[in-house]
Amino acid sequence: MEPLSWFEIITRVLLQFMPVWISLIALFTLSIVYKRRLGLYGKLFDSTIGMIGFALVMFWVFTGIFGALDMIITHDPLSQLSGMKNKLPGTPLPRPDEGQYPYYLFGGDNLARDVFSRMVKGAWIVVQIAPLATLFAFMVGITLGLPAGYYGGRLDTLLSFFANLILAFPVILLFYLLVTPEIVETGIPSYMATVLFVFPLIFVGVLLNSRYKTQPKVRTPLLFAVLGILGWLYLSLISEAGSKVSVLPGFLDLFDIPAGILVVFVSVVFVNSPTVFRIVRGLAMDIKTRDYVAAAQTRGEGPWYIMLWEILPNARGPLIVDFCLRIGYTTILLGTLGFFGLGLSPESPDWGTTINDGRRLLQIYLHPAIVPAVALLSMVLGLNLLADGLREESLRD
Amino acid sequence: MGLFILRRVGVMILTGLCLTFLVFSLTNLYPNLEKLAKTQGNFRMSDAEVTSYLERNGYLQPMIVKYGEWLGVVPSYRHENSDGTIQGRCIQPGQAPEDAPHFCGVLQGYWGFSTVFKDEVGSIIATRLGLTGKLMLWVMLLMVPSALILGVLSGMREGSKMDRTLSTISITTTATPEYVSGVILIAVFASSTVGLKWFKGTATSAMESANFENFFLPVLTISLYGMGYIARMTRASMAEVMTAQYIRTARLKGVSFGNIVVKHALRNALIAPFTVIMLQFPWLLNGVVIVETLFNYKGFGWTLVQAASNNDIELLLGVSVVSVFVVLVTQLISDIGYVYLNPRISVS
Amino acid sequence: MTDSYDGPILEIDQLSISFFTRLREIPAVMDFSVKVMPGEAVGLVGESGCGKSTVALGVMQDLGKNGRIVDGSIKFKGRNLNEMSQEELRQIRGSEIAMIYQEPMASLNPAMKIGKQLMEVPMIHRGSSEKEAYDRALQVVTDVKLPDPKRILDSYPHQLSGGQQQRIVIAMALMAEPSLLILDEPTTALDVTVEAAVVELVKELGKKYGTSMLFISHNLGLVLETCDRICVMYSGEAVERGSIKDVFDEMQHPYTQALFRSIPLPGADKNAAPLRAIPGNFPLPHERPPGCNFGPRCDYFEAGRCDAQDIPMQPVPGNDRHATRCLKFQEIDWNAPLAKSDITEKPEPGRVVLKMDDLKKYYEVAANALFGKRGDTKVVKANETLSFEARESETLAIVGESGCGKSTFAKVLMGLETATEGQILLDNRNIESTAIEDRDTQTVADVQMVFQNPFDTLNPSMTVGRQIIRALEVFGIGNSDGERRKRMLQLLDLVKLPRAFADRMPRQLSGGQKQRVGIARAFAGNARIVVADEPVSALDVSVQAAVTDLLMEIQREQKTTLLFISHDLSIVRYLADRVMVMYLGHVVELGSTDQVFSPPYHPYTEALLSAVPIADTRVKKKHIVLEGDIPSAMNPPSGCPFQTRCRWKSQVPGGLCEKEVPPVRQLGDGHQVKCHLSDAELASMEPVIQIAAE
Ligand SMILES: Nc1ncnc2c1ncn2[C@@H]1O[C@H](COP(=O)(O)OP(=O)(O)O)[C@@H](O)[C@H]1O
Ligand code: SF4
Ligand code: SF4
Ligand SMILES: [Mg+2]
């Protein structure tokens, strides 16, 4: 068979992405129709920049999800087909099996794997980890930043000192120190996970308790139920048979996170939290001078109610914007880790690792590195544009 | 002012101590030491042999004592071997134990010995730092002015076409981490198959003699990411200043637009980006490490990777101390500079 | 060419200005005309959002990206500003027309020395040399009566006080001796006594330089004091225009009349002659009614006529350039007495519920936040020996300017801070050192607060109903959500808000409505003592009356003790039973309203009374201008706190005022002052405000 021309490659790639296009069109149509009822999210559709950003982000989100369902990919991202090593985009398979896709659309890498399918699978890794890690970083940052900003004084000095300590630490060094097999062996990441992942629990617990404190009849069962479920999830998350932290017996352990992923996750959360802390602290210091906070104080509300129900909701604008930016930053960090071969397994299809694989032969074969590089670029760009659009819209009227 | 600096320096030293202790503990964890013993001895050492090796070299003391020794505030460990010879951290091979100093740590100028490069850590770091310094100098010269110009130009008329264009450029560059922009730049400008072949894809030769051809791509790669970021900050700050009342006052005084930007807006608008530039250092190091790896430029970042991936404990420690130090000093400069730039703080 | 010109300095003709937003066009100013003759000062009054600032910026041709002049002309000395090029405008701005606006601090470049900012003006417009410019700056700074002009020229804006900054802004405007000065609420951010001095200065300099002025204000009294002519605006239109005398005494528009009836002039009384609030709300620019904009709120509205056509401005026959935008102005009987609505009985004050005894609150602050050593602290005496009693159903007004310790006092009472010394007795229980978290629910519910800033008083991300319900929950009222919801709706009724507001977000409410919600929230736990911290000062006059009346009404019903904090003596006179005047943490005078408002006064009260502008042409005021600014509480003067600005100081022998803090003197009937003046001197004081016989 003849190799595909560039035009054919593009057409075929667009066709492969059909489920993504359909979902995107559906999402945008619905959102634009109902945009006046959707608050800030709806306003996003008034800003061209914001819409472009959102489209890019959702493109990769859908790609990740459908990819995880094995829908878009043309080949197994790990299988190596002989004769396809470093082949250019559009190269046909030498001996396609029955029902096998007859081309490597974006060529083959140095291990003769399909670059296209690896890119699609890589999206899933980013889409899974980056938002979740950012969310955790926000939980940590918020839970510590609110009291630091609200109380000020010694607590603030102490917490800020620790935050600055981590911030003064070159990220890459931290990764090299934390994400090595030796460190994993000592269990430090697991302990850190134990500490970091408890914050969402504290956060939700305090949130509900402060809200329903005046109604013990509602509060107690609610807290039991919610914290019970979250606690179980938490224990399942941190405990892993055979590792240093195994508190749950196996049959209760809902899921296990591979140690490599866990350590990557922990370090990314760890690196992001201090910045979130600083932002939240600054916002809290600003908002606590408002009269409605004074009003809450004069009616005897507890400090946590004030922090979580009076201050936090009014800080949401800047926080949402930062959340988007931070997912982008986390994506970049994940790529960095992959690029240095830290944490994730060497054959993982995530973009950082793939770029690292591809760069060795970059002078001769471009496509194995360029494809994931462009993918990562467009995803982060989308997040940045989205954040920009949100910021602009939230500032308006 | 003096007092202020003094206090900041105090906090800085405390931060430095905390961070180096942290690094020290992480690099001196048992699995690391075990690996060290095996690379220094042989890979089939038994557990007992490992222990005895570590014992002999003082690695089994409490962490804080080892840290003190490394720092040079605790007399260093000496071990009497079964054959009666005395070995210790401060005793050079062939030196009589009596002649050796009791303290030999960072404070005494002794940084340890690199197992990978087989050389004094101090001298390795000095050379490598020099190479990276050269790189950073050019990065700064390229990045800071272009970022500020970009930011001021787009911030002075918010929402204009020029703003939209320049903002899109700076957003795109901030969305492009070094390992992506490096790959793309190499592909476009240096690839031997399809590229323009304007520049070289490696910078190894730039260590000796840097020229435009072999040095521009690494410098550009580091600059791009930071440039967008600083430009965004400058733009935001500039745009905010341009809506301030006192700019309106100036306009209604009859000051021309050019003078408004230069005389009234600029100083106020640069306060925020200045801090940002200075606080960018921890992260610039990231860029340095990536770019030096990507372009095979054997500077400080490259050394860091070598030290970390080869478990070269003393070298890694040295590298960490230097980078933490650089970061803290820039933070100090940023604080002091902020006070100087912002008259509202310097008095009262 | 300009020098020989003798027509109007500024002539605005049928000006319309719109802002274009994404959703719609917002017509901010419509069919607006005004003329300013040489040397004349024209006042522009109206509620916030009626388009005053837009007119001013229209004149400056500085409407921003989305604002545009859609119709009409603005002629400056006969030349149409609308048709000028940017370069021509630039030459006029600053040299021929200068503008001063509200926030002095924000109007000065924080990173540029004052001198440089001033010198810029002649250097741009006259090509002066640096030396000439400096001399001119020095002269103008002397003209605006700033002490030590050389030092001031060499300082940064943040090193000056608010009053000094505003003087610098004025100096900057006068640098090039402009023919027209536009002042947009120039004193709103200043304290009353400082305001009085600045207004005095503006008047004087206007005369000296022969400058015409367009003076924008929401304060009728201030316009009366400064201007020759006035233009009243309502919802983007001029509704009445004329000389001060004509408009104040023979108003010809229902809105002007309603405005005057809603402000507390001397003679108003909360029981015998209550204020009349203007019903309804100010229409949003894009929701104006057909026909007369004021129609829905007008007492004389006639369906089919007032709402059938656009109303033109019509001249009032017989008066000098007096015009009104009302169809029926000739039919309305302008002198008809106000229907004496609901006269209420003055409630008798009940037993003492709150007693303060020698309350002191000192703060320790770092002397120098950034460079100071630790432990290098200073004591700020925010409240110094406060003693008073407050009874059931009584309104005690606490009067004073910024930094006098009003808010600190409120904080200590609420339990947000604990007292340094002395006691607070609530129903004979000591609460001065019980912080709010240690108070029992009943105590907390008993003492509540209404805040100043309506835009800040409600949590922007919670519905109105939810916020009231939360207060009910905290105070333990109601056993179920249903009960609390019912009670919440009743509270909305109490503050006269529609029940539908329960599900609205605060941003959908106007300032006055938010303030009502704040009041409802304060009364959720049947508060017995309510501290109202300037509850109406951020509201427009027409809304102020309604909110004040609401407070009074609830107080009558619930026998609440109201502690009304304010700097506005007019409103205090209207509603307070007793008044406490504070200065720099000290209570300088305390007595019944009549005692405080008539001689003998404390010298500070006297000055304060003279400083408050009163919008009544009959009132003759004694002119007392205080020198300088209020000292900082960090650095109080020795002896009497008021001695730096007191005009009576020389009457006290032996420099006692600078040495000793004066004792509290009882003048009988519970009237007390803190002053060294002898009884004879006190007795010789004359009333500050006199109403000329009609
Ligand atoms: N830049 C703007 N964009 C949109 N609407 C504006 C803008 N500036 C003012 N407005 C609207 O124009 C009207 C008049 O405002 P303004 O002139 O500031 O009133 P005032 O000075 O009397 O308080 C208001 O309704 C205001 O919301
Ligand atoms: S025109 Fe009619 S509605 Fe308008 S002010 Fe006159 S009487 Fe009132
Ligand atoms: S004590 Fe002296 S300075 Fe103070 S108010 Fe009385 S007369 Fe004035
Ligand atoms: Mg205004």
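Residue numbers (this note's numbering), protein chains in the order written: chain A, 12 to 408; chain B, 126 to 473; chain C, 1357 to 2050. The beta-carbon is built from N, C-alpha and C at its ideal position, and this holds for glycine as well.
In chain order, what residues of the same chain lie with their CB nearer than 7 Å to the CB of residue i, ignoring the 5 residues before and after it?
i: Gly-1405(C); result: Phe-1638
i: Ser-471(B); result: Its pLDDT being 47, under 50, Ser-471(B) is placed unreliably in this model, and the coordinates cannot settle the point.
i: Leu-1726(C); result: At Leu-1726(C), the pLDDT of 46 sits below 50, so the modelled position is not reliable; the number obtained from the coordinates is stated separately. Within the same chain, Leu-1726(C) has no close Cβ partners at all.
i: Ala-364(B); result: Gly-280, Glu-283
How would you call residue i, buried or exposed, if buried means at least 16 neighbouring beta carbons within 10 angstroms?
i: Ala-356(A); result: Per the sequence shown, the amino acid found at residue 356(A) is Ser instead of Ala. When all chains shown are included, Ser-356(A) counts as exposed.
i: Ala-2036(C); result: exposed
i: Phe-399(B); result: buried
i: Met-287(B); result: exposed
i: Glu-1687(C); result: exposed
i: Lys-325(B); result: buried
i: Lys-191(B); result: buried
i: Arg-1681(C); result: buried
i: Lys-1421(C); result: exposed
Just verifying my parser: in three-state terms, what is the DSSP assignment at residue i?
i: Pro-343(B); result: helix
i: Lys-1978(C); result: coil
i: Lys-3(A); result: Residue 3(A) is absent from the model: chain A starts at 12 and stops at 408.
i: Cys-1760(C); result: coil
i: Tyr-463(B); result: helix
i: Asn-1786(C); result: strand
i: Gln-1417(C); result: coil
i: Ala-1876(C); result: helix
i: Gly-101(A); result: coil
i: Val-1328(C); result: Here chain C has residues from 1357 to 2050 only, and residue 1328(C) is not among them.
i: Gly-1947(C); result: strand
Is any heavy atom in ligand 3 found nearer than 8 Å to the beta carbon of residue i?
i: Tyr-223(A); result: no
i: Pro-1959(C); result: yes
i: Lys-2015(C); result: no
Please confirm whether any heavy atom of ligand 2 lies closer than 8 Å to the CB of residue i.
i: His-1609(C); result: yes
i: Cys-1648(C); result: yes
i: Glu-1593(C); result: no
i: Cys-1654(C); result: yes
i: Gly-1399(C); result: no
i: Leu-1853(C); result: no
Using a Cβ-Cβ distance under 9 Å, would residue i count as near chain F?
i: Asp-399(A); result: The chain inventory of the structure shown lacks chain F, comprising the protein chains A, B and C.
Can you list, in chain order, the residues of its chain whose CB lies under 8 Å from that of residue i, leaving out five sequence neighbours each side?
i: Ile-272(A); result: Ile-140, Gly-354, Leu-355
i: Asn-421(B); result: Thr-327, Ala-328, Thr-329, Trp-427
Could you pull out every residue in the same chain whose Cβ sits closer than 6 Å to the Cβ of residue i, ignoring the five residues on either side in sequence?
i: Thr-1358(C); result: Confidence at Thr-1358(C) is low in this model, with a pLDDT of 46, below 50, so the placement of that residue is unreliable and no value is reported for it.
i: Ser-389(A); result: Leu-67
Is there at least one non-hydrogen atom of ligand 5 closer than 8 Å to the beta-carbon of residue i?
i: Gly-1995(C); result: Although ligand 5 was asked about, the structure shown includes only ligand 1, ligand 2, ligand 3 and ligand 4 as ligands.
Check whether the stretch 193-210 of chain B and the stretch 403-417 of chain B touch, using three or more Cβ-Cβ pairs below 8 Å as the test.
Contact fails: fewer than three Cβ-Cβ distances are below 8 Å.
The stretch 431-447 of chain B in contact with the stretch 232-248 of chain B per 3-pair CB rule at 8 Å:
The answer is yes - the stretch 232-248 of chain B touches the stretch 431-447 of chain B, with three or more Cβ pairs under 8 Å.
Three CB pairs or more closer than 8 Å across the stretch 1900-1908 of chain C and the stretch 1870-1877 of chain C:
Contact holds: three or more Cβ-Cβ distances are below 8 Å.
For the stretch 1907-1920 of chain C against the stretch 1739-1754 of chain C, do three or more pairs of beta-carbon atoms, one drawn from each stretch, fall closer than 8 Å, so that the two count as touching?
Taking 8 Å as the limit for Cβ pairs, the verdict is that the stretch 1739-1754 of chain C does touch the stretch 1907-1920 of chain C.
Does the pairing of the stretch 1511-1521 of chain C with the stretch 1460-1476 of chain C give three or more beta-carbon distances under 8 Å?
Counting Cβ pairs under 8 Å, three or more are found: they touch.
Counting pairs of Cβ atoms below 8 Å between the stretch 208-224 of chain A and the stretch 180-190 of chain B, do you hit three or more?
Segments in contact, no.
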